[in-house]
Amino acid sequence: ENTRKTKEDDELSLITWNVDGIDDEDQPERARSLCSYLTSYAADVVLLQEIVQPYVRFMYRRLADTYTFIKGGETSYFTMMLLKKSRLTLLDSEVVSFPNTRQGRNLLVAQVLFRGQKLCLMTSHFESCKVSSTERMRQLKKMMERMSEAPDDVTVLFGGDTNLRDYEVTAVGIPSSVCDLWEQLGEPEKCRYTWDTGANHNNEISFKCRFRFDRVYLRRACEDR
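Spelled out as structure tokens, the structure:
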């Protein structure tokens with residue numbers, strides 16, 4: 001029992017989620033459901049995209065005792081991190097700009113301590129829509145550069161809504177030190193597609209498509225490689 005408890009304490013739990021806050025329909029109900037979900041799963045790290053200020057205010061009243069809030073913006077919609085106070089210590093954070101974005105996108109970065117281990121946590125909402133492929137690949141490249149540039153004693157985790165198509169990832173290339181966690185876990189079919197218009201009927205979309213837009217990338221600290 002004690003061995004299992006120690007193992008659980010050493011494991012970091014993470015959620016990444018585009019909450020579609022820009023959709024005004026049923027916003028209060030959806031904000032309540034979001035808080036209930038996050039409370040139920042009690043993840044150590046929560047990476048959110050398409051957050052809007054009404055959600056932030058609602059979530060802060062209910063979750064601020066448990067989580068440190070880090071926002072990637074203030075206006076329109078933006079990204080946000082929640083860090084569980086009892087598990088992680090925030091050392092520093094920054095917002096890295098994407099100079100050529102036309103949709104207000106950026107890279108939110110936080111330096112934290114988790115059980116004595118230095119972690120660099122990142123989230124982003126890469127440029128949307130097929131026509132934005134060139135800019136999206138620029139953003140992927142910049143994010144990967146930041147992951148690779150982290151000190152050797154730091155483990156880096158990125159999670160977010162990348163809007164990436166597989167051919168774009170192939171074109172940019174992933175550094176050998178970085179792994180796609182879905183691939184690392186054996187490519188489980190049940191979570192192959194994170195945007196599936198056939199399975200999710202929240203929005204009435206006339207066409208059917210399935211993509212793995214939401215991705216998690218890991219670069220281990222040097223001693224763990």
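FYI, the numbering for the sequence shown is 1 to 225, going by the UniProt record's numbering. All C-beta atoms in this analysis are idealised placements derived from N, C-alpha and C, irrespective of residue type, glycine included.
- Across the structure, A31 and G186 are spaced so that their CA atoms are roughly 33 Å apart.
- Here R61 is exposed. Its C-beta has fewer than 16 other C-beta atoms within 10 Å.
- In the structure shown, E135 adopts helical secondary structure according to DSSP, grouped into three states.
- For E168, the CB contacts under 8 Å within the same chain, skipping 5 residues up- and downstream, are S133, R136, M137, L140 in chain order.
- Here L12 has D44, V45, F114 as same chain residues with Cβ atoms under 7 Å from its own Cβ, once five neighbours each way along the sequence are excluded.
- Q49 is bridged by DSSP to N18.
- Taken in chain order, the unbroken stretches of beta strand (DSSP E) that lie wholly in the segment 126-209 and span 3 residues or more are 154-161, 178-180.
- For E29, no beta strand (DSSP E) segment is defined; the enclosing uninterrupted segment is the alpha helix (DSSP H) at 27-41.
- In the same chain as N163, and ignoring 5 residues on each side of it, the C-beta atoms closer than 7 Å to its own belong to F126, E127, S128, R136, F213, in chain order.
- Contact annotation, L90 with L83: C-beta distance approximately 6 Å; criterion of less than 8 Å satisfied.
- Excluding sequence positions up to five before and after L181, its CB lies within less than 6 Å of the CB of V216, L218, all in the same chain and listed in chain order.
- F207 counts as exposed, since fewer than 16 other beta carbons sit within 10 angstroms of its beta carbon.
- Counting along the chain, the unbroken beta strand (DSSP E) around A110 starts and ends at 106-114.
- Residues Q117, K118, D152, D153, V154, T155 of the same chain have their beta carbon placed closer than 8 Å to that of A221, with the five preceding and five following residues left out of the count.
- DSSP places E11 in no beta strand (DSSP E); its state is neither H nor E.
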